[in-house]
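Encoded as structure tokens, the structure appears first; notes follow it.
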Amino acid sequence: MYLIEELKTSLAKALSKATGEEIAIDALEYPELSENGDLAFPCFSLAKKLKSAPPKIAGDLAAEVKLPKGFDRVEAKGPYLNFFLDRAELVEETAEVVRKAGEAYGDRKGDHASVMVEYISPNNNKPLHLGHVRNGLIGAALSNLYESQGKKVARALLLNDRGLAIAKAMVAYVKWGNEATPSSLGKKGDHYLGDLYVMYEQAAKKDESLEKEAHDVIRKWEAGDAETRALWKTMSDWCEAGQHETYKRFGFRFDVEYKESEIYQEGKDIVELGLKKGVFKKDETGAVFADLEAYKLPNKIVLRSDGTSLYITQDIFLAKKKFDEGGIDASVYVVGNEQNLHFQQLFKILELLGFAWADKVKHLSYGYVTLPEGRMKSREGTVVDADDLLSALEADAAMEIKQRHATLPDDELVRRAHSVALAAVKFYFLEVDISSDMVYDPKASLSFTGKTGPYLQYMHARIRSLLKKAETETKGEGEGRNLAPEEFTLAFALARFPEAVHRAASQDRPSLVAAHLYETAKAIAALYENAPVLSASKEDRKARLKLLEAAAVVLKRGAELLGFPVPEEM
Ligand code: ARG
Numbered sequence: 001m002y003l004i005e006e007l008k009t010s011l012a013k014a015l016s017k018a019t020g021e022e023i024a025i026d027a028l029e030y031p032e033l034s035e036n037g038d039l040a041f042p043c044f045s046l047a048k049k050l051k052s053a054p055p056k057i058a059g060d061l062a063a064e065v066k067l068p069k070g071f072d073r074v075e076a077k078g079p080y081l082n083f084f085l086d087r088a089e090l091v092e093e094t095a096e097v098v099r100k101a102g103e104a105y106g107d108r109k110g111d112h113a114s115v116m117v118e119y120i121s122p123n124n125n126k127p128l129h130l131g132h133v134r135n136g137l138i139g140a141a142l143s144n145l146y147e148s149q150g151k152k153v154a155r156a157l158l159l160n161d162r163g164l165a166i167a168k169a170m171v172a173y174v175k176w177g178n179e180a181t182p183s184s185l186g187k188k189g190d191h192y193l194g195d196l197y198v199m200y201e202q203a204a205k206k207d208e209s210l211e212k213e214a215h216d217v218i219r220k221w222e223a224g225d226a227e228t229r230a231l232w233k234t235m236s237d238w239c240e241a242g243q244h245e246t247y248k249r250f251g252f253r254f255d256v257e258y259k260e261s262e263i264y265q266e267g268k269d270i271v272e273l274g275l276k277k278g279v280f281k282k283d284e285t286g287a288v289f290a291d292l293e294a295y296k297l298p299n300k301i302v303l304r305s306d307g308t309s310l311y312i313t314q315d316i317f318l319a320k321k322k323f324d325e326g327g328i329d330a331s332v333y334v335v336g337n338e339q340n341l342h343f344q345q346l347f348k349i350l351e352l353l354g355f356a357w358a359d360k361v362k363h364l365s366y367g368y369v370t371l372p373e374g375r376m377k378s379r380e381g382t383v384v385d386a387d388d389l390l391s392a393l394e395a396d397a398a399m400e401i402k403q404r405h406a407t408l409p410d411d412e413l414v415r416r417a418h419s420v421a422l423a424a425v426k427f428y429f430l431e432v433d434i435s436s437d438m439v440y441d442p443k444a445s446l447s448f449t450g451k452t453g454p455y456l457q458y459m460h461a462r463i464r465s466l467l468k469k470a471e472t473e474t475k476g477e478g479e480g481r482n483l484a485p486e487e488f489t490l491a492f493a494l495a496r497f498p499e500a501v502h503r504a505a506s507q508d509r510p511s512l513v514a515a516h517l518y519e520t521a522k523a524i525a526a527l528y529e530n531a532p533v534l535s536a537s538k539e540d541r542k543a544r545l546k547l548l549e550a551a552a553v554v555l556k557r558g559a560e561l562l563g564f565p566v567p568e569e570m
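By the numbering used here, the letter at position 45 of the sequence shown is numbered 45, and the numbering carries on one by one without gaps.
What follows is the structure in structure tokens.
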């Protein structure tokens with residue numbers, strides 16, 4: 001068990017002994033003032049339950065609690081229990097706990113639930129853009145975090161592959177495509193579809209008849225017209241293949257892939273069921289809608305008057321399909337906050353339909369991304385393309401690396417530049433709370449100093465090369481152990497890592513891990529700056545090397561949870 005958890009367990013034991021009740025401890029505080037201890041437990045919330053005053057509770061607990069390794073003493077001070085660490089022991093103990101756990105440090109086995117995380121879920125008429133990147137980074141990081149806590153995760157993708165968007169690209173292709181293909185053009189299929197889609201949008205501004213043509217395509221598609229279906233399939237496959245290349249570059253992967261075209265009809269049966277149950281009603285045009293007024297939500301049409309299904313019709317069915325087939329306990333949707341209302345309505349409808357799992361669905365809503373220049377535009381084709389973005393980052397990273405290592409072989413340069421680019425974009429995005437809007441500054445994200453992914457990579461590489469050097473340079477100067485305060489600060493950060501991961505996973509906040517990694521990196525830098533390592537006394541040197549080795553493990557594991565690698569060398 002990890003140090004801080006051991007303390008919580010001891011506390012819980014003391015509590016149950018003092019009160020005869022099982023009370024879980026979740027909140028420990030980290031006091032600002034050192035005289036209030038390194039960790040504190042506030043007793044206010046227990047007062048009501050125990051019908052006793054907080055200072056009295058604190059006193060009773062202080063007498064009862066058994067301190068785990070690494071702790072020096074506990075003091076009751078007013079309503080608080082203040083815990084003081086044994087600094088030298090903490091440094092040693094933490095390094096040892098991390099060494100033993102290795103790459104699994106911070107993981108837990110407790111939670112065996114199985115959860116499906118749906119993320120990215122694009123349409124099939126264009127390449128992925130900056131918003132999809134944020135979505136992908138959040139979905140991937142949360143999946144990793146859930147898994148670290150023992151959950152079983154199914155990563156899922158929905159491709160919305162029918163409807164107006166692809167129909168427009170199809171109209172453009174028939175008119176102006178000249179039967180070109182992605183390979184004849186040397187272009188990724190998703191980029192090609194994006195170009196066609198933009199072409200359509202531009203032309204449609206001047207020619208209103210195009211709109212009707214696009215709707216004709218949809219009608220023919222729904223009627224199963226062979227030619228329309230064939231062209232649709234070809235173009236959709238182009239787009240899908242291109243998008244998958246992008247997923248691969250970013251390290252996104254999926255265990256399950258759904259396609260709207262394969263499920264959209266099936267929602268209609270549920271609509272029938274809802275009509276019977278009185279959850280849905282028909283309006284005067286014959287369209288079916290969910291009456292949500294009583295829940296302070298706008299009514300929602302779930303089937304058009306011509307009997308065709310909508311985005312939500314598909315989602316009602318898909319939500320059920322996931323639980324029917326997936327053997328899952330919970331279903332999470334990572335989707336931008338512009339769809340908040342959609343998911344409120346969807347979840348309310350699922351509840352009204354009486355599905356047993358209706359309270360096991362969750363929309364993880366994230367904010368909008370812009371670049372420093374301003375909003376990214378969508379329709380006019382000036383959208384920030386995910387592939388272009390990563391390529392630009394890789395090119396800049398390669399330049400930076402070349403300056404440091406002029407003789408690096410090309411393939412190694414490419415490999416390192418890719419790794420730095422991933423760290424740059426992933427850390428920068430994930431460091432921000434998911435619900436906030438954000439400005440992505442590619443240049444700042446690539447900086448090798450400051451709160452960035454490349455900085456974390458650099459600190460990791462720095463430790464690894466120091467450890468290598470230590471293998472051959474065996475000398476230490478003098479005897480004696482002289483604990484540097486920076487050792488304690490670093491060890492304490494490492495000791496709190498499992499808690500940061502646990503909180504990040506249970507609160508859906510990858511930013512907590514990002515913040516903790518940065519704090520750790522700063523503590524490493526401070527140690528380097530203020531305490532000698534290789535030239536220190538034998539005991540100091542040994543202890544510091546062991547601590548730094550543990551720090552490297554934490555940086556590596558944390559980065560892995562956020563989805564990027566940390567290199568041995570940089
Ligand atoms: N394809 C949709 C879009 O691009 C997002 C789909 C989200 N997932 C869902 N189950 N509705 O806006």
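Think of the CB as a built atom: it goes at the ideal place given N, C-alpha and C, for glycine as much as any other residue.
Is it buried or exposed for TYR192, if we count other Cβ within 10 angstroms and need 16 for buried? buried
May I ask you to list the residues that DSSP assigns as paired with LEU341? Answer is none; LEU341 lacks a bridge partner.
Which of the three DSSP states is assigned to ARG416 in this structure? helix
Taking 7 Å as the cut-off, is the C-beta of ASP315 nearer than that to any heavy atom in the ligand ARG? yes
Does the Cβ of ASN340 have 16 or more other Cβ atoms within 10 Å, making it buried, or fewer, making it exposed? exposed
What span of residues does the alpha helix (DSSP H) with HIS215 cover, start to end? 209 to 223
Beta-carbon contacts of TYR573 that lie in its chain and below 8 Å, excluding the five residues immediately before and after: Residue 573 falls outside the range modelled here, since the chain spans only 1 to 570, and no answer is possible.
Measuring alpha carbon to alpha carbon, tell me which residue in GLU568, PRO409 and SER236 is nearest PRO122. SER236
Straight-line CA distance for LEU572 to ALA504? The first residue shown for the chain is 1 and the last is 570, placing residue 572 beyond what the model contains.
With a cut-off of 8 Å on the beta carbons, I'd call ASP385 and HIS129 a contact; round off their distance for me. 6 Å
Are the CB atoms of THR246 and PRO442 nearer to each other than 8 Å? no
How is the beta strand (DSSP E) around ASP72 delimited, first residue to last? 71 to 77
Using beta-carbon positions only, say whether TYR440 and LEU371 come within less than 8 Å of one another. yes
Report yes if the C-beta of TYR333 is less than 7 Å from at least one heavy atom of the ligand ARG; otherwise report no. yes
Taking only three categories from DSSP, how would you classify HIS405? coil
Quickly, what does DSSP pair THR370 with across the bridge? List them, please. VAL439
From this set, ALA421, PRO42 and CYS43, which residue's C-alpha is nearest PHE250's C-alpha? ALA421
Beta carbon of GLY558, beta carbon of LEU517: below 8 Å? yes
Going by DSSP, name the residue or residues bridged to ASP385. HIS129
Give the secondary structure of THR19 by DSSP, where H, G and I count as helix, E and B as strand, and everything else as coil. helix
Is any heavy atom of the ligand ARG found at a distance shorter than 7 Å from the C-beta of SER209? no
Which one or two residues does DSSP pair with MET116 in a beta bridge? ALA154 and SER331
What number of angstroms, rounded off, separates the C-alpha of ALA398 from the C-alpha of LEU390? 12 Å
Please tell me whether, using a cut-off of 7 Å, the distance from the CB of ASN144 to the nearest non-hydrogen atom of the ligand ARG is below it. no
Determine the direct distance from the alpha carbon of TYR146 to that of LEU15, and round the result to whole angstroms. 29 Å
Considering only the beta carbon of each residue, do PHE488 and VAL74 sit closer than 8 Å? no
Might you give, ordered along the chain, the residues of its own chain that have their beta carbon closer than 6 Å to the beta carbon of LYS13, omitting 5 neighbours on each side? none
Under 8 Å, do LEU303 and VAL271 count as touching if we go by C-beta distance? yes
Does the beta carbon of GLU477 sit closer than 8 Å to a beta carbon anywhere in chain B? Absent from the structure is chain B; it holds one protein chain and no more.
Alpha carbon to alpha carbon, how far is ARG379 from SER34? Reliability of the predicted coordinates at ARG379 is poor, the pLDDT of 41 falling under 50, and no value is obtained from them.
Rounded Cβ spacing between LEU350 and ALA319 (contact assumed at less than 8 Å): 6 Å
Quick check: does the Cβ of GLU21 come within less than 7 Å of any heavy atom belonging to the ligand ARG? no
Cβ-based burial, PRO409 [other Cβ within 10 Å; buried from 16]: exposed
By alpha-carbon positions, which one of GLY476, TYR264, ILE4 and TYR258 ends up nearest to ILE312? TYR264
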